[in-house]
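Asker: Just so you know, the sequence shown maps onto residues 167 to 437 in the numbering used here. Glycine included, C-beta positions come from ideal geometry on N, C-alpha and C.
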Amino acid sequence: MNIVNTYRAINHKGSKLYIILIMMALIIGISFTVYAAKDDCTNIDGDGAVPIKEVGKEDVGVTNDYDEVVEEDERKGVVYLALIGGDTPKPNDCGLIPKNPAGEWTGWGGPLNFDNVTIGEGGDTRNHIVIGGTLFVRGFGAHAIGTLVYDLSGGKYLKFEAYVGMSDEKDPGGCGHGGSSDFTFSIDGKQAFKSETLKGAEGGENIEAVKVEFDIPNGAKELTIVMGDGGDGIGCDHSTVGDAKLLTAQALDVDPANKVSTTWGSIKASY
Numbered sequence: 167m168n169i170v171n172t173y174r175a176i177n178h179k180g181s182k183l184y185i186i187l188i189m190m191a192l193i194i195g196i197s198f199t200v201y202a203a204k205d206d207c208t209n210i211d212g213d214g215a216v217p218i219k220e221v222g223k224e225d226v227g228v229t230n231d232y233d234e235v236v237e238e239d240e241r242k243g244v245v246y247l248a249l250i251g252g253d254t255p256k257p258n259d260c261g262l263i264p265k266n267p268a269g270e271w272t273g274w275g276g277p278l279n280f281d282n283v284t285i286g287e288g289g290d291t292r293n294h295i296v297i298g299g300t301l302f303v304r305g306f307g308a309h310a311i312g313t314l315v316y317d318l319s320g321g322k323y324l325k326f327e328a329y330v331g332m333s334d335e336k337d338p339g340g341c342g343h344g345g346s347s348d349f350t351f352s353i354d355g356k357q358a359f360k361s362e363t364l365k366g367a368e369g370g371e372n373i374e375a376v377k378v379e380f381d382i383p384n385g386a387k388e389l390t391i392v393m394g395d396g397g398d399g400i401g402c403d404h405s406t407v408g409d410a411k412l413l414t415a416q417a418l419d420v421d422p423a424n425k426v427s428t429t430w431g432s433i434k435a436s437y
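Right, here's the structure in full:
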């Protein structure tokens, strides 16, 4: 019995206190799992090869400065995409890792050996994730061309969200514009999202990260992410995906059977 049907059943008893006690018991009885846990990942040590710096207003001419932050999403039922510290097909507290060979994840600068960092300049020069002046606490970066395939069979995922763009570690104008790349997301071979070719900077301004979001069909088996060449060589293409996460019904507060949002506030308001 879902919460709405429970409410309808106990409504006949006519006791507000009874309803509140039952609802509290239902809420307490739900098993909540915290999937999103950056501390459980294999994280970068120290400041990174190109240290980050918080500023009042980011400047395209300064590497890895930021004036906005996207923190870790701590809602229940959020599953982050990871590279090293996670697990597959069932995610652990760090998140879900790719199922395809690690050699396919990146072009130059591999292998990828940390979570929540960008590719840097070689195997021991990882950096924090800054795209267009925004710091992302969770995410990953790779030197294009890279392909990551995530097995979705270990969870009931309803939605995917992320931000894509070029790492600000290539400011002020590596290769003239901080690199360029395009990002393609597919579910079971069917394209769900494709970005335009994104540059690190254009017209003297940083290019902000582009939001990616799409629904995941029932029974989906795999998510594929391709970080492609922007068309002018891959010398500076530090392609980056920030805050990449899968959302379950718990995160979206959705009844998975009917995909209808159910909240205690809405039930209480209708009483």
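1) If we call anything under 8 Å between Cβ atoms a contact, is residue 232 one with residue 324?
2) Mapping the DSSP letters down to three states, classify residue 307 as helix, strand or coil.
3) Taking the C-alpha atoms as reference points, what is the distance between residue 299 and residue 329?
4) Pull the bridge partners of residue 439 from the DSSP assignment, please.
5) Please report the distance separating the alpha-carbon of residue 212 from that of residue 260.
6) Which same chain residues end up closer than 7 Å to residue 403 when comparing Cβ atoms and leaving out the 5 residues on each side of it in sequence?
7) Which whole-angstrom value describes the C-beta separation of residue 254 and residue 317, a residue pair presumed to lie in contact below a C-beta threshold of 8 Å?
8) By the three-class DSSP mapping on this structure, what secondary structure does residue 397 have?
9) Please determine if the segment 411 to 419 and the segment 244 to 258 are in contact, where contact requires at least 3 C-beta pairs separated by less than 8 Å.
10) For residue 252, which residues in the same chain have their Cβ closer than 8 Å to its Cβ, ignoring the five residues on either side in sequence?
11) Which residue or residues does DSSP assign as beta-bridge partners of residue 404?
12) May I ask you to report which of helix, strand or coil DSSP gives residue 231?
Answerer: Well, looking at it:
1) no
2) strand
3) 13 Å
4) No information on residue 439 is available, as it lies outside the stretch 167 to 437 that the chain covers here.
5) 19 Å
6) 309, 310, 345, 346, 347, 395, 396
7) 5 Å
8) coil
9) yes
10) 207, 246, 258, 260, 261, 262, 263, 281
11) 309
12) strand
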